[in-house]
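One structure is given below, encoded as structure tokens.
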Amino acid sequence: MFCIKRFCFVMTIVSAAPLTELEKAVNHLIDVFHKYSNTSSNLIDPAGIEKLCSDLDVSRTDIRFLMLAWTMKAEKQGYITHEEWTRGLKALRADTIDELKKALPQLEKEVRTPSNFADFYAYAFRYSLTEEKPESTDIETICQLLDTVMGSTFRPQVDYFVEYLKIQKDYKVINMDQWMGFYRFCNEVISFPDMSEYSPGLAWPLVLNNFVEWIREKQA
Amino acid sequence: MGKNLIFEDIKAKIGSVVLPSLKNTHGKELLEKLYQRMINHKIMVSSLSEIFEDLNKFLADGSYMRSKKMSRSLPLQVLRDRRNRGTVIQNFEDLAMFSFREYLLLEINPESRVAVVNMIMEEREGVAIDSDLLKKVLDIYMQSGIGTVQVYEEHFEDFFLQQTASYYSHKASSWIQEYSCPEYMMKCEESLEKEKERVTRYLHSSTEPKLVEIMQNQLLFLGAKQFLDKGQSGCGALLRDDKKDDLSRMYRLYHAIPQVLEPVADVFRLHIATEGSVLIKEAEDSATSGIVEEQVLVRKIIDLHDKYMAYVTDCFQNHTLFHKALKEAFEIFCNKKVAGKPSAELLATFLYNLFKKAANDKSNDDSALESTIYNVVKLIVYISDRDLFAELYRKKLARWLLSGQSGGGGHEMLILKLKKQFGNLFTKKMETMVNDMELTKDIQRLYMGVAKPEVDFTATVLTLSSWPSYKTSPEPNLPVEMVKCTKAFDPFYKSITKSRKLNWAYSLGKCHVTGRFDAGSIELVVSTYQAAVLCVFNNAERLTFNEIIEQVKLDHEDLARVLHSLSCADYKILKKEPASKTISKTDSFEFNSKFTNKKQRIKVPLPTLDEPLIDKVVDEVVKDRPSAIEACLVKIMKEKKVLQFRQLIAECVERLSHLFKPEIKQIKKRIEKLMEKDYLIRDIDDANSFKYVA
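Taken in order, these protein sequences are the chains called E and R.
For the first sequence, position 138 (counting from the first letter as 1) is numbered 138 according to the UniProt record's numbering, and the numbering increases by one without interruption.
For the second sequence, position 524 (counting from the first letter as 1) is numbered 524 according to the UniProt record's numbering, and the numbering increases by one without interruption.
What follows is the structure, given as structure tokens:
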């Protein structure tokens, strides 16, 4: 019967204050956002990310890109929302792509502090999850992710673990607990590959018990 | 004043007269003189004391110099000895004793204590000595401590213990060479007794524990390994030769030294495990084509257990170490397979056959049966796959219950014992099964009250979930008399129960059929299937295999089995054409009217389908374990909310111990599954703890 055709909302404000510096900056950020976003979805989609990465001079599998995503708290792999973008760039105090690029080395330094890194490491796993598999990630992706995230700090551990994951038959996917278990393993079992600190009686995820047994057998 | 003068005087006297008189004397003579001097000293002290007393009285009477009264009791003072330690001096006697000690006893002590110890050494070697003298001299040491045993300890005891240690150290090394293990232990025990008695005769009682400790160390501890391992007479040999007295002695000597008791318990464990393994090996060797003489084996194992349990209680005074060793040893060989059969199966078979025999043997008294059951349950405690035992036994129990035989006392006793040992859950299904049979009797009585079946009819109602699963075949065509019975029972049962569905297990039924043969009637006890097949021949002379299938509607395999039992086995009630030993589809059959038998009633056995292979039962049982572990974990976490990983594992193993021994990895896998299912999460603050998610 009735259908609203047009609706004008009228409101009054006390005074039209000039835009604050912050608001200006935010507006600027949004302008930059639109350079990469898909106009129909208002998201930076995989294509936009490709472009962003090339402007920033980083590869998509570069740890710094993952760190940027962590700063933005980007939820869905391959996409960045408006809100995430603003959150990230504000945190990095970057208004332009150039500034963002310059902020990356400092960002890496900050993420690599122990308190941030554990959170970042957990984030990297969550970020790898997809809608089809919201709990776990397949072995192949995990291996890549391990290489990206831990490759520079725990090289031998990552190499062994990746090798093990590829030959073992028990697990097709890795879940959060197992993922975090490996981080704990790298940090707590310092002497590698002797693993003198390792105790099988602790609550390691089974995949790590098997991993250690596999190494021991290899060593024997 | 005066006292100091006297003190100096005594000191001078000791130095100039007494001490020189003792110099250059040694041994017993020295001790005798020392004692004499002590007596003299005491006489002097008491005379002087009296003089003081008198003087005191005199001064008091004369009210003279009251303020400077002399007294036996001196103002409290502390004198420093040669080690600059203070001795509290309260009276004149103390003062005198102090000077005796400082200026005489301790001067000659290097000589005198050697003399004392030498005499003791002589006594140890069997020489008679003047132990009175020793007692008197050692009393001097004790008294000169003025209220403490310090002097005795420092100037005599230390030296004595040191000498004793080296004495027994020498003894130990020569005895070990010279004597066998039991002889050595006797020597040790004898020496210990003698030393204890020595303490009572002339040493201070506080010396005893120290002395015992030194002897234990020198005689028992240091050489322990060497003599316990003595091949021909060591601990292992004592067990081998059943030397209970020597073993008891060993325990008496060693019970206070855990470091040695442990290796002894190890030897004990190893010995039992070896003997047990020999029994297993024997049974394995005598097993013919996979049939193990389980009656013999289980009895032998029970005897072995009785024997060594007696060792634990008698020789080893119920010490936990030995209980543990016994348990571990039995766990080792009780879990070995014999000719491919798990021990769970052997025990189940043993019990079943035992009860079968007991039911037939009217004279058998219950107490013997009960004690055997008691012993078998003890063995069941040692096997780790008790769930498998329960499953196997349940299958046998089912067979027995359905056979309708009497004499189930054994089964009931066993179930009761199992319940007591492993809890209600363990025996729940078994109890339900027994209970079902009782209920059946009630139902039968009720049914007889309302129905008048044409033939004698009994219906047994089983609770599906508690009984082993039976093959359910499609309903065969039964003789009309039988159909009438089942059809009539169905509504009756529905009328007395609520919403229960009856499924007829035709393969389990039993039937009495009268066969009218030319030579006379014989009652045939057969299964439902056999009866159905026999009745088909009421209407036909001769039938082919396929015609029978057509009429009875049994499946091919079952029918072949039934026909085989009726035409190829001991009783040839049907004539088969051709008369071979196997059934084929092309065979034809006819009623054998010439059949005869001496008995009025014969049981025509229908071989049951081969009992499920043990491997299959094992598979089934093992398949149930993961869910049992998960259920257990959830139950624990529900109670505890947060739990350390280690505790969780321990608790889970403990709670499942009545069923089986879960591996840590198995449990871990279940924990991870539960985390995936969001029952549990890892504690954020402690990666080794888990939290229950409600």
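The beta-carbon is built from N, C-alpha and C at its ideal position, and this holds for glycine as well.
Inset, instruction - Kindly list, in the order they appear in chain A, the residues whose Cβ is closer than 9 Å to that of residue 108 (chain E). - result: No chain A is part of this structure, whose protein chains are labelled E and R.
Inset, instruction - Identify which residue in R:281, R:292, R:275 and R:248 has its Cα closest to the Cα of residue 319 (chain R). - result: R:248
Legend entry - residue 38 (chain E) (DSSP reduced to helix, strand or coil): strand
Legend entry - the segment 665–689 of chain R: positions lying closer than 7 Å to chain E by Cβ: 665, 668, 669, 672, 675, 676, 682, 687 and 688
Legend entry - Local conformation of residue 577 (chain R) per DSSP, three classes: strand
Inset, instruction - Just the C-alpha distance for residue 94 (chain R) and residue 170 (chain R), rounded to the nearest angstrom, thanks. - result: 42 Å
Legend entry - Cross-strand partners of residue 700 (chain R) (DSSP beta bridge): No statement about residue 700 (chain R) is possible, as the shown extent of chain R runs from 1 to 694 and does not include it.
Legend entry - Closest Cα partner of residue 129 (chain E) within the set E:142, E:44 and E:81: E:142
Inset, instruction - Could you check how far apart the C-beta atoms of residue 156 (chain E) and residue 200 (chain E) are, in whole angstroms? I think they sit under 8 Å. - result: Not confirmed; about 20 Å, so no contact.
Inset, instruction - Assign residue 760 (chain R) to buried or exposed, taking buried as 16 or more other Cβ atoms, counted over all protein chains shown, within 10 Å of its Cβ. - result: Nothing in the structure corresponds to residue 760 (chain R), since chain R is present only between 1 and 694.
Legend entry - the segment 581–603 of chain R: positions lying closer than 7 Å to chain E by Cβ: none
Legend entry - Contact residues within the segment 192–203 of chain E, judged by C-beta distance below 7 Å to chain R: 201, 202 and 203
Inset, instruction - Give a yes or no on whether 7 Å exceeds the smallest Cβ distance from residue 645 (chain R) to chain E. - result: yes
Inset, instruction - Under 8 Å by Cβ, that's how I've got residue 417 (chain R) and residue 373 (chain R) pegged, so tell me the actual separation to the nearest angstrom. - result: 6 Å
Inset, instruction - Find out if the Cβ-Cβ distance for the pair residue 84 (chain E), residue 74 (chain E) is shorter than 7 Å. - result: yes
Inset, instruction - Go to residue 175 (chain E), then tell me how far its beta strand (DSSP E) extends in each direction, as first and last residue. - result: 173–175
Inset, instruction - Specify the secondary structure class of residue 469 (chain R) as computed by DSSP and reduced to three states. - result: coil
Legend entry - C-alpha distance - residue 47 (chain E) paired with residue 675 (chain R), whole-angstrom precision: 37 Å
Inset, instruction - Specify, as a first and last residue, the run of the alpha helix (DSSP H) that residue 614 (chain R) falls within. - result: 614–640
Inset, instruction - Give a yes or no on whether the minimum CB-CB distance between residue 93 (chain E) and chain R is below 7 Å. - result: no
Legend entry - Distance, residue 266 (chain R) Cα to residue 308 (chain R) Cα: 14 Å
Legend entry - Within chain R, partners of residue 184 (chain E) - CB distance below 8 Å: 687
Legend entry - chain R residues whose Cβ lies nearer than 8 Å to that of residue 206 (chain E): 665, 668, 669 and 672
Legend entry - Beta-carbon spacing of residue 316 (chain R), residue 276 (chain R) below 7 Å: no
Inset, instruction - Could you tell me the boundaries of the alpha helix (DSSP H) in which residue 138 (chain E) lies? - result: Looking at the DSSP string, residue 138 (chain E) is not in any alpha helix (DSSP H); the run it does join, the beta strand (DSSP E), is 136–138.
Legend entry - Cβ shell of residue 629 (chain R) (< 8 Å), same chain only, five flanking positions each side left out: 652, 656, 662, 666, 667 and 670
Inset, instruction - Figure out for me which residue from R:250, R:399, R:448 and R:388 has the closest Cα to the Cα of residue 356 (chain R). - result: R:399
Legend entry - Cα-Cα separation, residue 99 (chain R) to residue 206 (chain R): 26 Å
Inset, instruction - Look at the alpha carbon of residue 45 (chain R) and the alpha carbon of residue 23 (chain R), and state the distance between them as a whole number of angstroms. - result: 23 Å
Inset, instruction - Taking residue 213 (chain E) as the query, report the chain R residues whose CB atoms sit under 8 Å from its CB, ordered along the chain. - result: Ordered by position in chain R, no residue passes the 8 Å Cβ test against residue 213 (chain E), which lies about 10 Å from the chain.
Inset, instruction - Evaluate residue 124 (chain E) with the Cβ neighbour count: other Cβ atoms within 10 Å of its Cβ, from every protein chain shown; 16 or more gives buried, anything less gives exposed. - result: buried
Inset, instruction - Give, in chain order, every residue of the segment 161–180 of chain E whose Cβ lies closer than 7 Å to some Cβ of chain R. - result: 175 and 177
Inset, instruction - Could you tell me whether the segment 578–585 of chain R touches the segment 527–541 of chain R, where touching means 3 or more Cβ pairs closer than 8 Å? - result: no
Legend entry - First and last residue of the uninterrupted alpha helix (DSSP H) at residue 547 (chain R): 545–552
Inset, instruction - Please list the segments of the alpha helix (DSSP H) lying wholly inside the segment 640–664 of chain R, counting only runs of 4 or more residues, in order along the chain. - result: 645–656
Legend entry - Inter-residue spacing [alpha-carbon to alpha-carbon] between residue 586 (chain R) and residue 429 (chain R): 45 Å
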